[in-house]
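*Asks:* Residue numbers (this note's numbering): 143 to 283. What follows is a structure written as structure tokens; I'll ask about it next.
Spelled out as structure tokens, the structure:
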């Protein structure tokens, strides 16, 4: 089924087990592991956060620490050649922007399965990505 192969697949990670479990099915869509890009989106530091107030940790340092953690974790999982991106901002916006930037052919992400009031109050990153994505999105249940 080489006709299904994509050159670039984006996988958003939020450190949940579900997000890590999305890597294996996504890997099946690319020829090489280098075609996988994983993105984690950090919220900006709140001005009242001690790290911001005392200037002990800035956003670039946070991004670097997350990148190092993901590289180690993914290496332990056997994914040594994946591309890792760490962004700051709104998760759905950053995921969509990254998909455009890397010219992604597919986004693979889990749904956390929130329903009813919880989904209404929290919003759904997956739903916004599906609606606004420049490429197809595979939602894993």
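Virtual Cβ for every residue (Gly too), placed ideally from N, Cα, C.
#1: According to DSSP, residue 184 sits in a beta bridge with which residue or residues?
#2: With H, G and I counted as helix, E and B as strand and the rest as coil, what does DSSP make of residue 165?
#3: So, under 8 Å CB-CB, residue 179 and residue 281 are touching, yes? Tell me the CB distance rounded to an integer number of Å.
#4: Quick check: what's the CA-CA separation for residue 279 versus residue 250?
#5: Could you check what DSSP says for residue 279 in three-state terms: helix, strand or coil?
#6: Given residue 155, which residues of its chain have a CB within under 6 Å of its CB, disregarding the five upstream and five downstream residues?
*Replies:* The short version:
#1: 230
#2: helix
#3: Not confirmed; about 18 Å, so no contact.
#4: 6 Å
#5: strand
#6: Closer than 6 Å at Cβ, skipping near neighbours: 161, 180, 182.
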